[in-house]
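**Student:** Number 1003 marks the last residue of the sequence shown (the numbering used here); no jumps.
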Amino acid sequence: MNSESNIKIPKLYFDNDANLDLIQSTKVAIIGYGNQGRAQALNLTNSGVDVVVGLRENSSSSAKALNDGLVVKSISDATQWADVISLLIPDQVMADAFNSEIKESLKINQTILVSHGYNVHYKQIQPPDFIDVIMVAPSGPGKQVREEYVNGRGIPNLIAVHQDYTGNAKDIALSYSKAIGGTRAGAFFSTFKEEVETDLFGEQVVLTGGIPKLIQSAFKVLVEAGYQPITAWFVCYYELKTIVDSFHQKGFAFMNKAISDTAEYGGKTRGARLINDSVENEMRTILKEIQTGKFFDEWSKESEKGLPNLQKMRENDRKTLIEEIGQFVMNQIANKTIIKK
Ligand SMILES: NC(=O)c1ccc[n+]([C@@H]2O[C@H](COP(=O)([O-])OP(=O)(O)OC[C@H]3O[C@@H](n4cnc5c(N)ncnc54)[C@H](OP(=O)(O)O)[C@@H]3O)[C@@H](O)[C@H]2O)c1
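(1) What residue range does the alpha helix (DSSP H) around Asp-794 cover?
(2) Would Phe-958 be called buried (16 or more neighbouring beta carbons within 10 Å of its own) or exposed?
(3) Applying the 10 Å Cβ sphere with the 16-neighbour rule, what's the burial state of Gln-698?
(4) Give the single residue among Ser-722, Asp-826 and Ser-738 whose Cα lies nearest to the Cα of Val-714.
(5) Hey, would you say Thr-773 sits closer than 8 Å to Ile-834, going by beta carbons?
(6) Excluding sequence positions up to five away, which residues of its chain have a Cβ less than 6 Å from the Cβ of Cys-1010?
(7) Ligand 1 and Ser-777: does any heavy atom of the ligand fall closer than 7 Å to the residue's C-beta?
(8) Using the rule of at least 16 other Cβ atoms within 10 Å of the residue's Cβ for burial, across every protein chain shown, is Ala-680 buried or exposed?
(9) Have a look at Glu-986 and Ala-996 and give me their C-alpha separation to the nearest angstrom.
(10) Helix, strand or coil: which one does DSSP assign to Lys-1002?
(11) Below 8 Å between beta carbons: does that hold for Asn-781 and Asp-826?
(12) Below 8 Å, how does it come out for the segment 779-794 and the segment 756-766: are there three or more Cβ pairs, yes or no?
(13) In terms of residue numbering, what span does the alpha helix (DSSP H) encompassing Asp-758 cover?
(14) Is Ser-722 a contact residue of ligand 1, with contact defined as CB to any heavy atom under 7 Å?
(15) For Tyr-784, does the three-state DSSP call read helix, strand or coil?
(16) Just checking Gln-866 against ligand 1 - is the residue's beta carbon closer than 7 Å to any of the ligand's heavy atoms?
(17) Could you check whether Ala-849 and Tyr-675 sit closer than 8 Å to each other, using their CB atoms as the reference points?
(18) At the level of alpha carbons, what is the spacing between Ala-727 and Glu-719?
(19) Given that a residue counts as buried once 16 or more other Cβ atoms are within 10 Å of its Cβ, and exposed if not, what is Tyr-932?
(20) With H, G and I counted as helix, E and B as strand and the rest as coil, what does DSSP make of Thr-870?
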């Protein structure tokens, strides 16, 4: 038995574990109508929940929400109307909006719901003690949350309770998860701290940091060695999707069965050389920066200054050969597909 087999697997909650009546008997304000706002508002509405969308004055999202048949109110009116207030605006503006338009309007027994615990965990949002504060975080983008729901499926949800004033916080969270399709796929309980720290770590080390950087470096090494950029792009970038789809569906063992022995042997021996102790140590340093709030402070300062470093990095990325080749090939493939049709 290896050490991993001793790990306690958390309980997964499915539709039978959640009571839809709870959320159906409340009024839900969805603050923001972007990626998650639109998906969750429409899924809740289709699940028989009374929903209003709360938007700032002259919001560009207003027409979309009205067009989808939803009622739109100002953020403070929506807050006063609702039992559950779901904050679905960008994390970097959420605390300001909460403090200026929501906090003062809150009443006893209401619920604040978030889909990411960032502002609560880092104390940018300090809710009064007479309300519930919960998280229902879909493990996927809003578009998928909606598409899966419409197709009778769902996206798994991470659920957490930060403050349970009413004693019903857990049940409300499960009920909301059921209404957006989360418990169709499975929901599990975590904490705000765990969600925030692991979410940032996953992004930085794997999803939006490690993988893109690995692809860019591998592409650079091949091109520097004299190989055609188009060939380098196909092997280091394009083929990634097939591999990810394969292990995402059924695990690494399944992926290994679908590839050649040469690919498996080369991958296992060279992969371990590449992602070695020094990389793991850097991962530990990155995790510490998240846990101690160092990353939070850095990102807050960058946001306050209007994102100068992020803009510069975006500009640099736009000019890279891998982007140019990618755009060129994708455009060619798209044109070809259109012509064929
Ligand atoms: N992206 C995802 O799919 C995803 C996945 C899991 C969790 N989450 C979490 O879900 C939450 C929402 O993320 P999102 O990606 O859905 O956000 P988003 O699409 O960027 O949100 C856009 C909406 O927020 C409104 N908004 C923007 N700035 C505002 C401000 N200063 N005051 C009031 N309203 C403002 C916009 O209205 P206007 O038209 O007026 O600009 C628009 O309706 C975040 O906590 C995020 O971490 C997101």
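No residue lacks a Cβ here, since even glycine has one placed at the ideal position from N, Cα and C.
**Tutor:** Concretely, from the data shown:
(1) Here Asp-794 belongs to no alpha helix (DSSP H); instead the beta strand (DSSP E) covers 794-800.
(2) Label assigned to Phe-958: buried.
(3) Buried.
(4) Ser-738
(5) yes
(6) Outside the shown range of the chain, which is 663 to 1003, sits residue 1010, and nothing can be said about it.
(7) yes
(8) buried
(9) 15 Å
(10) Its pLDDT being 48, under 50, Lys-1002 is placed unreliably by the model, and the measurement read from it follows with that caveat. Residue state, collapsed to three classes: helix.
(11) no
(12) yes
(13) First-last of the alpha helix (DSSP H) with Asp-758: 753-759.
(14) At least one heavy atom of ligand 1 lies closer than 7 Å to the C-beta of Ser-722.
(15) coil
(16) no
(17) yes
(18) 14 Å
(19) Here residue 932 is Arg; the residue named in the question, Tyr, does not match the sequence. Exposed, since its Cβ has fewer than 16 Cβ neighbours within 10 Å.
(20) coil
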